[in-house]
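Let me begin by presenting the structure, written as structure tokens, before commenting on it.
Numbering (our numbering), first residue to last: 1098 to 1185.
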């Protein structure tokens, strides 16, 4: 009988002959689906990375709070401007 490789070749030839008009549309659709799948996987990976707890100076900080400055001596950590600090 036929082996697996022979059946695969016959199947490819039959599909190419019978569905020649629809092959570009099917390939385009498969490409769009692959791009959507990649984008969703990338978004899920980014979301997981943002939600993961981070360690900052030995303390566990959840999500995006790790990027915020928590050092009280850091002038960018405060919402008070320099002119407000100088007032008596």
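Backbone N, C-alpha and C fix where the C-beta goes; we use that ideal spot for every residue, glycine too.
With a CB to CB cut of under 6 Å and the five nearest residues on each side skipped, what residues in its chain are close to residue i?
i, result
"residue 1112", "none"
Using the three-state DSSP reduction, which class does residue i fall into: helix, strand or coil?
i, result
"residue 1156", "strand"
"residue 1100", "coil"
"residue 1150", "coil"
"residue 1118", "coil"
Leaving aside the five residues before and after residue i along the sequence, list all residues of the same chain whose C-beta is less than 7 Å from its C-beta, in chain order.
i, result
"residue 1103", "none"
"residue 1134", "none"
Taking CB distances under 7 Å as the criterion, tell me whether residue i reaches chain C.
i, result
"residue 1128", "Reference to chain C is not applicable here, since this structure consists of a single protein chain."
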